[in-house]
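Enquirer: I'd like to ask you about the structure that follows.
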Amino acid sequence: MLTIDLNSQELIEKAERDGVETMYDRKVAMKAQCGFGLQGVCCRICAAGPCRITPKTPLGLCGADEHVIVGRNFARMVAAGTAAHSDHARGIVHTMAIASRDGNYTIKDEAKLKNLAKEWGVETEDRDIYDIAHEVADIALMEFGKPHGTLKFLSHAPYQRQDLWKKHNIEPRSIDREIVTIMHSTHMGCTADIDSLINLSLRTSLADGWGGSMIGTIFSDILFGTPTVRQSEANLGVLEDNKVNIILHGHEPSLSEMIVLASEDPELVALAKEVGAEGINLAGMCCTGNEVTMRHGVRTAGDFHQQELAIITGAVEAMIVDVQCIFPALAKVSECYHTKFITTSPKAKISGSTYIEFNEETALDDAKKIVKEAILNFKNRDREKVHIPQLKSSTTVGFSEQAIIGQLDRVVNSQIDQTGTVKPLVDCLKSGVLRGVVGVVGCNNARSVSNKAHVTIMKELIKNDILVVTTGCGASAAGKFGLLNKEAKSMASKGLATVCELVDIPPVIHLGSCVDCSRILSVVSEVAKYLDMDMCDIPVAGVAPEWMSEKAVAIGTYVVGSGIDTYLGIMPPIGGSSKTVEILTQTLQDSVGATFKVNENPEELAQMIINDIEKKRVHFEELV
Ligand code: XCC
Ligand code: SF4
Numbered sequence: 000m001l002t003i004d005l006n007s008q009e010l011i012e013k014a015e016r017d018g019v020e021t022m023y024d025r026k027v028a029m030k031a032q033c034g035f036g037l038q039g040v041c042c043r044i045c046a047a048g049p050c051r052i053t054p055k056t057p058l059g060l061c062g063a064d065e066h067v068i069v070g071r072n073f074a075r076m077v078a079a080g081t082a083a084h085s086d087h088a089r090g091i092v093h094t095m096a097i098a099s100r101d102g103n104y105t106i107k108d109e110a111k112l113k114n115l116a117k118e119w120g121v122e123t124e125d126r127d128i129y130d131i132a133h134e135v136a137d138i139a140l141m142e143f144g145k146p147h148g149t150l151k152f153l154s155h156a157p158y159q160r161q162d163l164w165k166k167h168n169i170e171p172r173s174i175d176r177e178i179v180t181i182m183h184s185t186h187m188g189c190t191a192d193i194d195s196l197i198n199l200s201l202r203t204s205l206a207d208g209w210g211g212s213m214i215g216t217i218f219s220d221i222l223f224g225t226p227t228v229r230q231s232e233a234n235l236g237v238l239e240d241n242k243v244n245i246i247l248h249g250h251e252p253s254l255s256e257m258i259v260l261a262s263e264d265p266e267l268v269a270l271a272k273e274v275g276a277e278g279i280n281l282a283g284m285c286c287t288g289n290e291v292t293m294r295h296g297v298r299t300a301g302d303f304h305q306q307e308l309a310i311i312t313g314a315v316e317a318m319i320v321d322v323q324c325i326f327p328a329l330a331k332v333s334e335c336y337h338t339k340f341i342t343t344s345p346k347a348k349i350s351g352s353t354y355i356e357f358n359e360e361t362a363l364d365d366a367k368k369i370v371k372e373a374i375l376n377f378k379n380r381d382r383e384k385v386h387i388p389q390l391k392s393s394t395t396v397g398f399s400e401q402a403i404i405g406q407l408d409r410v411v412n413s414q415i416d417q418t419g420t421v422k423p424l425v426d427c428l429k430s431g432v433l434r435g436v437v438g439v440v441g442c443n444n445a446r447s448v449s450n451k452a453h454v455t456i457m458k459e460l461i462k463n464d465i466l467v468v469t470t471g472c473g474a475s476a477a478g479k480f481g482l483l484n485k486e487a488k489s490m491a492s493k494g495l496a497t498v499c500e501l502v503d504i505p506p507v508i509h510l511g512s513c514v515d516c517s518r519i520l521s522v523v524s525e526v527a528k529y530l531d532m533d534m535c536d537i538p539v540a541g542v543a544p545e546w547m548s549e550k551a552v553a554i555g556t557y558v559v560g561s562g563i564d565t566y567l568g569i570m571p572p573i574g575g576s577s578k579t580v581e582i583l584t585q586t587l588q589d590s591v592g593a594t595f596k597v598n599e600n601p602e603e604l605a606q607m608i609i610n611d612i613e614k615k616r617v618h619f620e621e622l623v
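Just so you know, numbering that gives the first Met the number 0 puts the end of the sequence shown at 623, numbered straight through with nothing missing.
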């Protein structure tokens, strides 16, 4: 089986009939993957190589052994992932720096901005909110390259965690600097010590979680609004036969927010009617999909593995992308249908696409131009080629940290006078009604069956009184399979189902896009601080059942660096170095209080998590 998603199965068959190649065909054609690559023991860092480690050639030409080679490759994955999240965040901060009262971008969450301004010592009294915004943005931009000190958001962690980071010299300085340090240290002839390579990886990844990603989340909330709870739907069944279908794919909300605005423009709506459509239907994909469903209820078309399939429905007028997780293959697939594949970012130009550059300065005009392209393409839709699969599920989305606390307040503020805290969540954890909270996040990976591990693991966890929070393509999977629906509490065990009933939440909570994994850090940190514990003492865990991207490696590493055990359903390319495996899966327990655990069998992985949460509870219950 290739995927457990029935819509996907239908469209894979349609692709075959249409003679269109997809990732699933390439997966079959690729057959065996490179063993050296899988083990991480191929080094291409200098042009004397590639050097590949085998029993007969245990050293590269420079004498680097398998630990050095694997460690350097791992560190570079962390650096690339951190760069991607953080450069996305930088874009958002630059956008905030040009926000203005009568411009395209305004400040939507003034309270959050003022809180941050106060935290950073920016004057707020009697000041125009936009002056505050610009000063705060300037300070944030310095976080990327400031010459002195460490990252400001480290102070959001419990003091025990901050002390630990200091003790192990993994407090990130500025974001870009950590990335550069890894690129330098992994250059030919630099760091050749596996412990140091892992330490560098930890420090850089923490610059992602408590730096780039956290800035991305907080600044997006300030600019575009902190998500609130709302209803939506997920899966390719959200595409509509009689409307102009536009898919928003990629990551940065600065583009998608403008497309949402443009799609409501009366002139463009009228134009859509003129060309014979009933209106404009936006649908999201990957993390952009998560951003717009969280803030606007825009329905989710699908996840990473459905990007080609969406076009294969024959019903998509435009696939609009910015950066990250975009298959170059979309150019070729869209040629087989009428779909316009529109790239917009100078950071991700793709040959064969229609490039319409999106500039923050001219954002709304650019967005209108893009939406217009889509509308004008409606007439080219070939009715013969259209097949929209029917399945979709209803979802409840929009759980920012504030929305979660708001939801908790609604239930308990009648009993206690202390609102605005995580106390109810803490009480549920203390009493054991909830055994723990687990973040199930990340991509789809062609090495496994699409969505199977996500769905299996989420279902197992909620059957065992474990509340699941989710982001990224994991969240899309949850949405598609009905797990983000409040009715899904019927799949949960008694304790969790009661909590869901009382707090009026689904058993799997959608926290947003992948940069929003920082929301998970924030919630766990608040719980820990409430209890005066470190984050590693709380019965929580992170899981990336089907991860594939370098960004996921950065996330997994900062989650471990934050004291939260991380479970992977796909083995990272480290198997060729026993020392790397040992450090990541065992030794880190002594330094950061958490490790990675890997099992490619989803049922077994779920059981491991459940057992480990119970073990963590023993220690936790002693402490509370
Ligand atoms: Fe990409 Fe963010 Fe992975 Fe999905 S989950 S495949 S990284 S879109 Ni982030
Ligand atoms: Fe080979 Fe060393 Fe060059 Fe890597 S850095 S390619 S191991 S010589």
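Cβ atoms here follow ideal geometry from the backbone N, Cα and C, with glycine treated the same way.
1. Taking 7 Å as the cut-off, is the beta-carbon of F326 closer than that to any non-hydrogen atom of the ligand XCC?
2. Take I609 as the anchor and find which of L520, K493, I573, M457 has the nearest alpha-carbon.
3. With three or more beta-carbon pairs closer than 8 Å as the criterion, would you say the region 226-233 touches the region 382-392?
4. By DSSP, does F595 sit in helix, in strand, or in coil?
5. Would you kindly work out how many angstroms separate the C-alpha atoms of K165 and D611, rounded to a whole number?
6. Once DSSP output is grouped into helix, strand and coil, what is the label at D611?
7. Checking 8 Å against the spacing of the C-beta atoms, do S200 and A74 come in under that value?
8. Taking DSSP as the reference, what is the three-state secondary structure of D321?
9. CB of A88 to nearest heavy atom of the ligand XCC: below 7 Å?
10. In or out: M22 buried (at least 16 other Cβ within 10 Å) or exposed?
11. What residues in its chain sit with their C-beta under 8 Å from that of I369, if we drop five residues either side in the sequence?
12. Quick check on the burial criterion: 16 or more other C-beta atoms within 10 angstroms. Buried or exposed for A300?
13. So does K429 have its beta carbon nearer than 7 Å to some heavy atom of the ligand XCC?
14. Could you tell me the distance, in whole angstroms, from the CA atom of G224 to the CA atom of I508?
15. Examine the ligand SF4 and report whether any of its heavy atoms sits within less than 7 Å of the Cβ of C45.
16. Looking at the ligand XCC, does it come within less than 7 Å of H250, judged from the CB to the closest heavy atom?
17. What residue does the beta strand (DSSP E) around N114 start on, and which one ends it?
18. Which first and last residues belong to the alpha helix (DSSP H) in which M547 is found?
19. Whose C-alpha, out of I197, D125, S99, I325, is nearest the C-alpha of N72?
20. Looking only at C-alpha atoms, which of S447, R434, G471 sits nearest to K462?
21. Given 7 Å as the limit, tell me if G441 has its C-beta closer than that to any heavy atom belonging to the ligand XCC.
22. Is the distance from the Cβ of L140 to the Cβ of V591 below 8 Å?
23. My output table needs one value for T483: the three-state DSSP class, helix, strand or coil.
24. What runs of the alpha helix (DSSP H), each 4 residues or longer, lie entirely inside the region 507-540?
25. Which residues mark the beginning and the end of the alpha helix (DSSP H) in which A330 is found?
26. CB-CB under 8 Å to K331, same chain, minus the five flanking residues each way: which ones, in chain order?
27. Kindly list the residues whose CB is nearer than 6 Å to the CB of P252, restricted to its own chain and excluding five residues on each side of it in sequence; keep chain order.
28. Taking the beta strand (DSSP E) that K165 falls in, what are its first and last residues?
29. Helix or strand or just coil, what does DSSP make of C42?
30. Is K339 helix, strand or coil when you go by DSSP?
31. For the 8 Å Cβ check, are there 3 or more pairs between the region 444-451 and the region 509-529?
32. Along the beta strand (DSSP E) that carries N633, what are the first and last residues, could you check?
33. Looking at the ligand SF4, does it come within less than 7 Å of A63, judged from the CB to the closest heavy atom?
34. Return yes when at least one heavy atom of the ligand SF4 lies under 7 Å from the C-beta of M187, else no.
35. So what does N443 bridge to, in DSSP terms?
36. Taking the alpha helix (DSSP H) that E500 belongs to, which residues open and close that run?
Expert: Looking at the atomic coordinates:
1. Counting from one through the sequence shown, the residue named residue 326 turns up at place 327. No, Cβ of F326 sits at least 7 Å from all heavy atoms of the ligand XCC.
2. As a first step, residue 609 is located in the sequence shown; it is residue number 610 there, counting from the start. The residue with the shortest Cα to Cα distance from I609 is M457.
3. yes
4. Against the sequence shown, residue 595 aligns to sequence position 596. Three-state DSSP puts F595 in a strand.
5. For the purposes of this step, residue 165 is taken as residue 166 along the sequence shown, with counting starting at 1. For the purposes of this step, residue 611 is taken as residue 612 along the sequence shown, with counting starting at 1. So the alpha carbons of these two residues sit roughly 27 Å apart.
6. Locating residue 611 in the sequence shown gives position 612, counting from the first residue. Of the three classes helix, strand and coil, the one that applies to D611 here is helix, per DSSP.
7. Here residue 200 corresponds to residue number 201 of the sequence shown, with the count starting at 1. Here residue 74 corresponds to residue number 75 of the sequence shown, with the count starting at 1. Closer than 8 Å, so yes.
8. The residue you call residue 321 lines up with position 322 of the sequence shown. If DSSP states are grouped into helix, strand and coil, D321 belongs with coil.
9. Position 89 of the sequence shown holds residue 88. Result no, Cβ not under 7 Å from the ligand XCC.
10. Start at 1 with the first residue of the sequence shown, and residue 22 comes out as number 23. The residue is buried, with at least 16 neighbouring Cβ atoms inside 10 Å.
11. Here the question's residue 369 lines up with position 370 in the sequence shown. These residues qualify, in order along the chain: I258, A261, A317, I319, I341, T343, I355, F357.
12. For the purposes of this step, residue 300 is taken as residue 301 along the sequence shown, with counting starting at 1. Result: buried.
13. Here residue 429 is taken as the residue at index 430 of the sequence shown, counted from 1. It does not: the Cβ of K429 is nowhere closer than 7 Å to a heavy atom of the ligand XCC.
14. On the sequence shown, position 225 is the one that residue 224 refers to. On the sequence shown, position 509 is the one that residue 508 refers to. When rounded, the distance between both Cα atoms is 19 Å.
15. Taking the first residue of the sequence shown as 1, we reach residue 45 at position 46. The answer is yes for C45.
16. Within the sequence shown, the letter at position 251 stands for residue 250. True, at least one ligand heavy atom lies under 7 Å from that Cβ.
17. Counting from one through the sequence shown, the residue named residue 114 turns up at place 115. Premise fails: N114 lies in the alpha helix (DSSP H), 109-118, not in any beta strand (DSSP E).
18. By 1-based counting over the sequence shown, the position of residue 547 is 548. Here M547 belongs to no alpha helix (DSSP H), and DSSP marks it neither H nor E.
19. Working through the sequence shown from its first residue, we reach residue 72 at position 73. If we check each option's Cα against that of N72, I197 comes out closest.
20. Residue 462 sits at position 463 when you count from the first residue of the sequence shown. For K462, the nearest C-alpha among the options comes from R434.
21. Stepping through the sequence shown from its first residue, residue 441 is reached at position 442. Under cutoff, so the answer is yes.
22. As a working mapping, residue 140 is identified with position 141 in the sequence shown. As a working mapping, residue 591 is identified with position 592 in the sequence shown. No, these two residues do not count as a Cβ contact at 8 Å.
23. The sequence position of residue 483 within the sequence shown is 484, counting from 1. Strictly speaking, residue 483 in this sequence is Leu, with Thr absent from that position. Three-state result, L483: coil.
24. 516-529
25. Numbered from its first residue, the sequence shown carries residue 330 at position 331. 329-334 is the extent of the alpha helix (DSSP H) around A330.
26. Along the sequence shown, read from residue 1 onward, the residue named residue 331 stands at position 332. Same-chain partners within the cutoff: E20, G351.
27. Along the sequence shown, one-based indexing puts residue 252 at 253. Same-chain partners within the cutoff: S219, F223, E290.
28. Numbered from its first residue, the sequence shown carries residue 165 at position 166. It is not in any beta strand (DSSP E) - K165 instead sits in the alpha helix (DSSP H) that spans 158-166.
29. The count along the sequence shown starts at 1 and reaches residue 42 at position 43. C42: strand per DSSP, three-state reduction.
30. Reading the sequence shown from its first residue, position 340 is the one you call residue 339. If DSSP states are grouped into helix, strand and coil, K339 belongs with the strands.
31. no
32. It is not possible to answer for residue 633, since the shown part of the chain is limited to 0 through 623.
33. What you label residue 63 is simply residue 64 of the sequence shown in a count that begins at 1. For the ligand SF4, at least one heavy atom lies less than 7 Å from the Cβ of A63.
34. Here residue 187 corresponds to residue number 188 of the sequence shown, with the count starting at 1. The answer is yes for M187.
35. Within the sequence shown, numbered from 1, the residue matching residue 443 stands at position 444. In the DSSP output, where bridge partners are listed per residue, N443 has none listed.
36. Within the sequence shown, numbered from 1, the residue matching residue 500 stands at position 501. Its alpha helix (DSSP H) spans residues 493-502.
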